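A.B. asks:
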Amino acid sequence: MRTFHVKGIHIGRPCPVLMGVLNISPESFYPGSFVPISAVHETAVQMIADGAEILDIGARSTAPGSPPISVSEETARIKESLHKLQGEDSVISIDTMHPEVLNAALHFDIHLANDISGLSNPDMAKLIADAGLPAVLMASGKAPGDARSLKDTHDSIRNVLTRARDQGIEDIILDPGIGKWIPERTAEDDWELCRHFHELSAYNLPLLVAVSRKSFIGELTGQSPTGRLAGTLAVTTRLIENGASVIRAHDIPETRDVIKSVMHLMR
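Structure below.
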C-alpha cells in the first residue's frame, strides 16, 4: 500500500487514523454535530484532546434534500472557521468540491483536501495538484457518490484515479462513497459495499471509512441520526478489520476506543 504523511500524520500505517468531523453546516443531516463558528476553536481543541488526529472542516451539507447554499456562503463559513483556528497546531482537512472554497482555504495553514466529487471538476484537480496537497477522493462519476453497484464503484474509482494521475496527484486516500449521496441509492447498496470493502485494498491506497450515523444504518435499526452510534461503531469495527486506514467520525472518544480495541485484538 502507498503510504505518506499529512503534516506528520502517517497515512497507511497499521493503526487507522481518526479524522474528526468539524461540521459548520447548520443544514447537516445530523443536527447534533453542528458547531457554530463561535464554538469552532473550543470544539477543535476538545476533539484533538479526545483523540482526533485530523480535523475535517465542512461547511455544506451534501445529503439529498438538504437546503442549498451558495459557494460564496460556503467560502465565508470556511474562512471564518479557519480564522478561529489560527495559531493551533492542528492537522486540517477541507471538505469541499468547489475550487473557489479550497482556494480561499489555501490562504491558511491547511494540509488535506477532501473532494467528494473525485476531481470531476478539472479546476479542482489542478488546484490540488498545484498546491501539492494530499487528497481524499471519493468514487464519483458525473455527481458525488453516483455509483450504486459494486461494479459501478470500481468503475468510478478507476476514473477518479485516472483524473488524479493526469494531474500528478499521488498522495490519495480513497473514499468508496458509502452513503445516500443520490436519491436512487438504497441502503442495500451501502451494505453491499461494506461487505466487499476488503476488495478495495486491490488499489493499494489508504481507504477511508465514512459511515458515521448514515441513513443505511438508520434504515436497518429504525433509528434517527441521534440513535445510530451503536450501529456506526459496529460497522466501523468490521471495516477496520477489512483494511480501513482513516476513520471519519462524529463521535471521537467512542471511535478512538473502537480503533484501540480492534487493533489490540488484531495483534
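Counting with the numbering used here, you get residues 110 to 376 for the letters of the sequence shown. Each residue gets a CB set at the ideal place from its N, CA and C atoms; glycine is no exception. Just so you know, these numbers come straight off a predicted model, no measurement behind them.
Can the beta-carbon of Asp165 be found less than 7 Å from the beta-carbon of Met128?
C.D. replies: Yes, these two residues count as a Cβ contact at 7 Å.
A.B. asks: Rounded to a whole number of angstroms, what is the C-alpha to C-alpha distance between Ile187 and Phe138?
C.D. replies: Approximately 19 Å between the Cα atoms of the pair.
A.B. asks: Give me the DSSP bridge partner(s) of Ala244.
C.D. replies: Per DSSP, Ala222, Ile281.
A.B. asks: Could you pull the start and end residues of the beta strand (DSSP E) that Ser202 belongs to?
C.D. replies: 201 to 204 is the extent of the beta strand (DSSP E) around Ser202.
A.B. asks: Could you please give the first and the last residue of the uninterrupted beta strand (DSSP E) stretch that includes Gly167?
C.D. replies: Its beta strand (DSSP E) spans residues 163 to 167.
A.B. asks: Measure the CB-CB distance between Val130 and Ile163 and report whether it falls below 7 Å.
C.D. replies: Not a contact, by the Cβ cut-off of 7 Å.
A.B. asks: With distances taken from CA atoms, which of Gln276, Thr271, Ser265 is nearest Ile287?
C.D. replies: Looking at the Cα atoms, Ser265 is the closest of the given residues.
A.B. asks: What residues in its chain sit with their C-beta under 7 Å from that of Glu209, if we drop five residues either side in the sequence?
C.D. replies: Excluding sequence neighbours, Glu209 sits near Val180, Thr184.
A.B. asks: Under three-state DSSP, which class holds Gly327?
C.D. replies: Three-state DSSP puts Gly327 in a helix.
A.B. asks: Which whole-angstrom value is the C-beta distance of Val269 and Leu302, which I expect to be below 8 Å?
C.D. replies: Not quite, the Cβ-Cβ distance comes to about 15 Å (not below 8 Å), so this is no contact.
A.B. asks: Report all residues from its chain with a CB closer than 7 Å to the CB of His305; omit the five preceding and five following residues, and keep chain order.
C.D. replies: Leu259, listed in sequence order.
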